[in-house]
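To convert a position in the sequence shown, counted from 1, into the working numbering, add 21. Ideal Cβ placement from N, Cα and C applies to all residues, glycine included. Nothing here was measured: the structure is a model prediction, and the numbers come from that model.
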Amino acid sequence: MSELEGKTALVTGGASGIGLAAATLFAAEGAEVFITGRRQSELDAAAASIGATAIRGDISDLDDLDAIAARIGASAGRLDVLFANAGGGDMLAPITELRPDSFDYVFGTNVRGTVFTVQKMLPLMPDGSSIVVTGSTSASRGNPGFGTYSASKAAVRQFARIWAAELAPRSIRVNVLVPGPTDTPGLRSIAGDEVFVPALLSQMAATTPLRRVADPAEIAQAALFLASARSSFMTGSQLFADGGEVQVFPAA
Ligand SMILES: NC(=O)c1ccc[n+]([C@@H]2O[C@H](COP(=O)([O-])OP(=O)(O)OC[C@H]3O[C@@H](n4cnc5c(N)ncnc54)[C@H](OP(=O)(O)O)[C@@H]3O)[C@@H](O)[C@H]2O)c1
Numbered sequence: 022m023s024e025l026e027g028k029t030a031l032v033t034g035g036a037s038g039i040g041l042a043a044a045t046l047f048a049a050e051g052a053e054v055f056i057t058g059r060r061q062s063e064l065d066a067a068a069a070s071i072g073a074t075a076i077r078g079d080i081s082d083l084d085d086l087d088a089i090a091a092r093i094g095a096s097a098g099r100l101d102v103l104f105a106n107a108g109g110g111d112m113l114a115p116i117t118e119l120r121p122d123s124f125d126y127v128f129g130t131n132v133r134g135t136v137f138t139v140q141k142m143l144p145l146m147p148d149g150s151s152i153v154v155t156g157s158t159s160a161s162r163g164n165p166g167f168g169t170y171s172a173s174k175a176a177v178r179q180f181a182r183i184w185a186a187e188l189a190p191r192s193i194r195v196n197v198l199v200p201g202p203t204d205t206p207g208l209r210s211i212a213g214d215e216v217f218v219p220a221l222l223s224q225m226a227a228t229t230p231l232r233r234v235a236d237p238a239e240i241a242q243a244a245l246f247l248a249s250a251r252s253s254f255m256t257g258s259q260l261f262a263d264g265g266e267v268q269v270f271p272a273a
């Protein structure tokens, strides 16, 4: 039996990387899938390949979130799975060089955007539904230069714990999926230039006990587990799909 038969799912950031892989898997498992992102052309291409519905929107814009909720409400009437995955980083900077606009961008997307994605979608979510938020191993480490991104992911991890408590009376589960380094356009963009991508991936692979970066499809399997009834007794938790990065080599 398909894991998400009869369910409706929203994957934010569903046109690229981890979100695209998850949206593809959720659809293959029987869900009616909605994907969002800021770039219309990428969204349309992804939606066509998945068989999903694309809704353009920036998660840091509350009007966009209202419009996304309205579209899903009008079309499906409910949302059983919310994968609040959209996010990313900006320039790496130590505290001495951190710029306010960079801080605002990362926190505006990863924290404010995720928080209000959840708030705006909740009215569509019936009792027993599942919220999955994308965290990061960086939230458990002390890598220089990663302060803003790392702290933003630590913030959503803590929000998820609180939401799990607040929504437990409705049996709405909230969990954090923590990917290790995963080969996505977002990760590759850290290299700055295509020629530096192989070196970046090798360097990332060296920080994981499995000595490789993940394929987004592997992270999607963990997202499916948290989204589906397979994880029915998990809430407020973090699932590390990190190749052992943090679980085997914890920060000192
Ligand atoms: N790849 C990794 O190694 C890794 C590891 C740990 C955690 N993560 C997390 O995993 C999630 C997915 O990242 P990824 O690696 O798959 O990166 P990606 O390939 O860059 O995908 C990110 C997606 O999020 C969307 N997005 C970004 N900002 C948005 C905004 N303000 N509003 C709406 N959509 C937005 C992007 O679409 P548009 O640009 O079109 O808006 C894109 O579809 C992120 O939260 C990231 O922090 C990634």
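query                                                                                                 : result
Cutoff 7 Å; reference GLN268; Cβ partners in own chain excluding five residues on either side         : PHE261
Exposure of VAL216, with buried meaning 16 or more beta-carbon neighbours within 10 Å                 : exposed
Three-state secondary structure assigned by DSSP to THR2                                              : Nothing can be reported for residue 2, as the shown portion of the chain is limited to 22 through 273.
Cross-strand partners of VAL154 (DSSP beta bridge)                                                    : ALA105, VAL197
Residue from ALA69, THR57, GLN224, ARG133 with nearest C-alpha to ALA175                              : ARG133
Reference PHE246, options ALA43, GLY27, ARG232, SER81, closest by Cα                                  : ALA43
Proximity test, ASN164 beta-carbon vs ligand 1 heavy atom, cut-off 7 Å                                : no
Cα-Cα separation, GLY285 to LEU143                                                                    : The chain is shown from 22 up to 273; residue 285 falls before or after that span and cannot be answered.
Rounded C-alpha distance that separates ALA95 from ARG232                                             : 46 Å
Top-ranked residue by Cα proximity to GLN259, from LEU198, THR229, LEU208, ALA235                     : LEU198
Ligand 1 heavy atom lying under 7 Å from the CB of LEU208                                             : yes
Every unbroken alpha helix (DSSP H) inside the region 69-107 [4 residues or more]                     : 83-96
Inter-residue CB distance, ARG103 and MET146 (contact presumed, cutoff 8 Å)                           : Checking the sequence shown, residue 103 turns out to be Leu, not Arg. The pair is a contact, with the Cβ atoms about 7 Å apart (cut-off 8 Å).
Local Cβ density within 10 Å of GLY149, reported as buried at 16 or more and exposed below that       : exposed
When SER159, ILE80, GLU239, PRO202 are compared against PRO230, the one with the closest alpha-carbon : PRO202
C-alpha distance - LEU31 paired with ILE152, whole-angstrom precision                                 : 10 Å
Short Cβ contact (8 Å threshold) for ILE80 with THR130                                                : yes
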